[in-house]
Amino acid sequence: MTSPSFPLRVDVYFDFMCPWSYLARARFHKALRKTKTSATINWIPFPLYEGNLNHVVEKKSIYGNETLEDVYAELYALGKEEGLIIRHPRYESSSLRALAGYLFAHEKNKGEKYLDLLFELTFEHAQDISSRLLLSHVATKLGLPVNEFMAHIDDEHVHARIRERAALARVHGLTG
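1 is the number of the first residue of the sequence shown in this note's numbering; add one for each residue after it.
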């Protein structure tokens with residue numbers, strides 16, 4: 001298969017709490033390598049659990065929560081095929097701070113590394129990605145200015161911008 005002769009640009013809506021986003025990311029990169037295709041990927045935060053002002057999501061509020069154990073058993077097998085470990089997160093964390101952190105990391109040209117690390121922390125290590133302490137460690141590890149990063153992840157204007165983009169995506173039919 002040959003690469004397209006035009007620049008490929010893909011918009012990807014994602015949430016760090018969505019195991020399908022993690023799996024799709026790995027599969028998409030694998031497909032690009034296999035087909036020797038280059039692409040510009042625009043990662044767009046899409047919080048699945050909005051309105052969680054305390055940054056916690058209750059399991060009962062997750063669509064399909066009755067079958068989560070079965071779904072995660074399937075996801076674990078699918079993840080293994082891609083070299084990923086996908087476990088049911090120990091925490092049902094709101095991802096709003098982590099998504100805001102992605103926007104900051106992206107502005108500082110560390111977006112891809114941030115995506116890799118946050119997905120790994122969520123699904124391989126079952127960390128609470130709503131934790132300010134954990135996110136400050138992520139910023140430090142990536143060499144981001146921690147004080148600016150922390151202000152950014154708590155900025156209600158940034159949160160509002162993420163919610164507005166998600167609302168617009170929903171108007172256009174995106175559900176998750």
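Even glycine gets a Cβ: it sits at the ideal position worked out from N, Cα and C.
*Nearest to lysine 108 by CA position, among Glu82, Glu124, Glu81, Ala139, is which residue?*
Taking the first residue of the sequence shown as position 1, residue 108 is located at position 108. When only C-alpha atoms are compared, the closest one is Ala139.
*Can you tell me the Cα-Cα spacing of cysteine 18 and glutamate 164, whole angstroms?*
On the sequence shown, residue 18 is found 18 positions in, with the first residue counted as 1. On the sequence shown, residue 164 is found 164 positions in, with the first residue counted as 1. Distance between the alpha carbons of cysteine 18 and glutamate 164 is about 19 Å.
*Contact under 8 Å by Cβ, leucine 142 with tyrosine 114*: Locating residue 142 in the sequence shown gives position 142, counting from the first residue. Locating residue 114 in the sequence shown gives position 114, counting from the first residue. Cβ atoms of leucine 142 and tyrosine 114: closer than 8 Å.
*So what does DSSP say about proline 19, is it helix, strand or coil?*
Along the sequence shown, one-based indexing puts residue 19 at 19. Helix.
*Taking the CB atoms as reference points, tell me whether glutamate 82 and alanine 31 lie closer together than 8 Å.*
Counting from one through the sequence shown, the residue named residue 82 turns up at place 82. Counting from one through the sequence shown, the residue named residue 31 turns up at place 31. Cβ atoms of glutamate 82 and alanine 31: not closer than 8 Å.
*What is the residue span of the beta strand (DSSP E) that tyrosine 13 lies within?*
Position 13 of the sequence shown, counting from 1, holds the residue named residue 13. 8-14 is the extent of the beta strand (DSSP E) around tyrosine 13.
*Whole angstroms is fine: what's the gap from methionine 34's alpha carbon to leucine 8's?*
In the sequence shown, counting from the first residue as 1, residue 34 sits at position 34. In the sequence shown, counting from the first residue as 1, residue 8 sits at position 8. Checking the sequence, you will find lysine at residue 34 rather than methionine. Rounded to the nearest angstrom, the two C-alpha atoms are 15 Å apart.
*What does a CB cutoff of less than 7 Å around alanine 105 pick up in its chain, not counting 5 residues either side in sequence?*
On the sequence shown, residue 105 is found 105 positions in, with the first residue counted as 1. Hits under 7 Å: Gly111, Tyr114, Leu142, Leu144.
_Residue range of the unbroken beta strand (DSSP E) whose run includes threonine 37_ = Mapped onto the sequence shown, residue 37 falls at position 37. That residue, threonine 37, is in no beta strand (DSSP E); it is neither H nor E in DSSP.
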